[in-house]
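A.B. asks: Numbering (our numbering), first residue to last: 65 to 359.
Here a beta-carbon is modelled for each residue, glycine too, at the ideal position from N, C-alpha and C.
The structure follows.
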Amino acid sequence: MSRPNDPTAPSRALFNWYPGHMARALREIKERLKMVDLVMEVRDARLPLASSNRAMLDEIGQKCHLIVFNKANLTSDDAVREWTKYLDQQEMNFMFVDCFDKTAMKKSVSMARKIVLKNRERTGSVDHKKTKLKLMIVGLPNTGKSSIINQLASKSVTKVADKPGQTQIQQWIIIENDVELLDTPGVMPPMIDKEEHALWLSAVHAIPDDVADEETTARFVVNHLLKEKSETFMARYKLEDPEITIEDTLAKIAVLRGCLTNGGLPDLNRVYKLVLQEFRRGELGKTIFEKAPKL
Ligand SMILES: Nc1nc2c(ncn2[C@@H]2O[C@H](COP(=O)(O)OP(=O)(O)OP(=O)(O)O)[C@@H](O)[C@H]2O)c(=O)[nH]1
Ligand SMILES: [Mg+2]
Numbered sequence: 065m066s067r068p069n070d071p072t073a074p075s076r077a078l079f080n081w082y083p084g085h086m087a088r089a090l091r092e093i094k095e096r097l098k099m100v101d102l103v104m105e106v107r108d109a110r111l112p113l114a115s116s117n118r119a120m121l122d123e124i125g126q127k128c129h130l131i132v133f134n135k136a137n138l139t140s141d142d143a144v145r146e147w148t149k150y151l152d153q154q155e156m157n158f159m160f161v162d163c164f165d166k167t168a169m170k171k172s173v174s175m176a177r178k179i180v181l182k183n184r185e186r187t188g189s190v191d192h193k194k195t196k197l198k199l200m201i202v203g204l205p206n207t208g209k210s211s212i213i214n215q216l217a218s219k220s221v222t223k224v225a226d227k228p229g230q231t232q233i234q235q236w237i238i239i240e241n242d243v244e245l246l247d248t249p250g251v252m253p254p255m256i257d258k259e260e261h262a263l264w265l266s267a268v269h270a271i272p273d274d275v276a277d278e279e280t281t282a283r284f285v286v287n288h289l290l291k292e293k294s295e296t297f298m299a300r301y302k303l304e305d306p307e308i309t310i311e312d313t314l315a316k317i318a319v320l321r322g323c324l325t326n327g328g329l330p331d332l333n334r335v336y337k338l339v340l341q342e343f344r345r346g347e348l349g350k351t352i353f354e355k356a357p358k359l
């Protein structure tokens, strides 16, 4: 497997993590599109464009489509504002949510319903107002699809884990009397050819650490938070000097958290694991990786 920062890596495909269940999932998504009224595409709010999947969008085609930028609680209000300004110009149906916010999640279903009813009106399918609303939820691994379904169903109906590739089969879930949602496995783009995207997707755990290389990902995250001068990150690890280097930062974290070898040296592998775990739990503060293009 080629990795970012690997000088021997071919310049085109940095990652091609595409296990068999994803190819199958994409085929099944295509087959079941006819049965659904709308596709709810879940992306990561910290990567509004880079967490989409061109191959998936091609399959969705002209189907009613709502983009849910989930994990908005892990990014700043400023970033959401900037992206909203940009996306408003693109004529997309979208909303930023934190899936643990029940009210926001209910709004996503209302928005889906409105889009579908408008489309039914436009296409002249009159008595469709009475029929059930069938939604399909798709997206990259670990974007929070199953968490959204559990929130909408108000119970744990599908398994959730901070582990890309948790859901491997499709299943229908009733979320309201007349609304059904199809949970689908996360599907990666067949190829990621930009190093920056590979790093971002690894940081948000769309790509597993054993594929992406924990060290590269953790160092990228620490560097990013240092560059952002993230106050939560600096405070959590008691970093006082805003100009501190990455090496000193890692050494400080090692001492602070007792990640030391028997000889008392920083055990960097443990630091990498710890930083990634805390970052993904939101304990290192809010961030944005992909900035909104200037208008
Ligand atoms: N902070 C935060 N964490 C979230 C949110 N939504 C989901 N998560 C966490 O993200 C991780 C992945 O959630 P899942 O719902 O399993 O993601 P998925 O998209 O179904 O993943 P796959 O089945 O692997 O494709 C879990 O640890 C969730 O608790 C959110 O809005 N905010
Ligand atoms: Mg899932």
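Measuring only the C-alpha atoms, how far is L340 from R91?
C.D. replies: Answer to the nearest angstrom: the Cα atoms are 33 Å apart.
A.B. asks: Would you list, in sequence order, the uninterrupted alpha helix (DSSP H) runs of no fewer than 4 residues that lie entirely inside the region 124 to 208?
C.D. replies: Entirely contained in the region 124 to 208, the alpha helix (DSSP H) runs reaching 4 residues are, in chain order, 141 to 152 and 166 to 187.
A.B. asks: Does the beta-carbon of D247, which I'm using as the reference point, lie nearer than 8 Å to any heavy atom of ligand 2?
C.D. replies: For ligand 2, at least one heavy atom lies less than 8 Å from the Cβ of D247.
A.B. asks: Report back the beta-carbon spacing between D116 and R107 to the nearest angstrom; my notes put them in contact at under 8 Å.
C.D. replies: The question names Asp, yet the displayed sequence has Ser at residue 116. Correct: roughly 6 Å between the Cβ atoms.
A.B. asks: With distance defined between alpha-carbon atoms, name the residue in L97, E342, D142 and K135 nearest to V286.
C.D. replies: When only C-alpha atoms are compared, the closest one is E342.
A.B. asks: With a cut-off of 8 Å, do at least 3 Cβ pairs link the region 304 to 317 to the region 289 to 296?
C.D. replies: Contact holds: three or more Cβ-Cβ distances are below 8 Å.
A.B. asks: Roughly how many angstroms lie between the CA atoms of A262 and N134, to the nearest whole one?
C.D. replies: Those two C-alpha atoms are separated by around 19 Å.
A.B. asks: Nearest-angstrom Cα distance between L320 and P357?
C.D. replies: Near 38 Å, if we compare the C-alpha coordinates of P357 and L320.
A.B. asks: Quick check: is any heavy atom of ligand 1 less than 8 Å from the C-beta of T207?
C.D. replies: For ligand 1, at least one heavy atom lies less than 8 Å from the Cβ of T207.
A.B. asks: If I measure Cβ to Cβ from E278 and keep anything under 6 Å in the same chain, skipping five residues before and after, which residues do I get?
C.D. replies: Only Y336 meet the Cβ criterion.
A.B. asks: According to DSSP, simplified to helix, strand and coil, what is Q215?
C.D. replies: If DSSP states are grouped into helix, strand and coil, Q215 belongs with the helices.
A.B. asks: Work out the CA separation of G229 and M252 for me, nearest whole Å.
C.D. replies: Cα-Cα distance, rounded: 10 Å.
A.B. asks: Considering just the uninterrupted stretch of the alpha helix (DSSP H) at E342, what are its terminal residues?
C.D. replies: Run containing E342: L332 to R344, per the alpha helix (DSSP H) assignment.
A.B. asks: So what does DSSP say about M120, is it helix, strand or coil?
C.D. replies: In this structure, M120 counts as helix in the three-state DSSP scheme.
A.B. asks: Is V224 near ligand 2 - that is, is its Cβ less than 8 Å away from at least one heavy atom of it?
C.D. replies: Flag set: Cβ of V224 near ligand 2.
A.B. asks: Does DSSP put W81 in a helix, in a strand, or in coil?
C.D. replies: Reduced to three states, the DSSP call for W81 is coil.
A.B. asks: May I ask you to check if the CB of I124 is nearer than 8 Å to at least one heavy atom of ligand 1?
C.D. replies: Flag unset: Cβ of I124 not near ligand 1.
A.B. asks: Just grab the DSSP bridge partners of V106 for me.
C.D. replies: DSSP output for V106 lists V132 and G203 as bridge partner(s).
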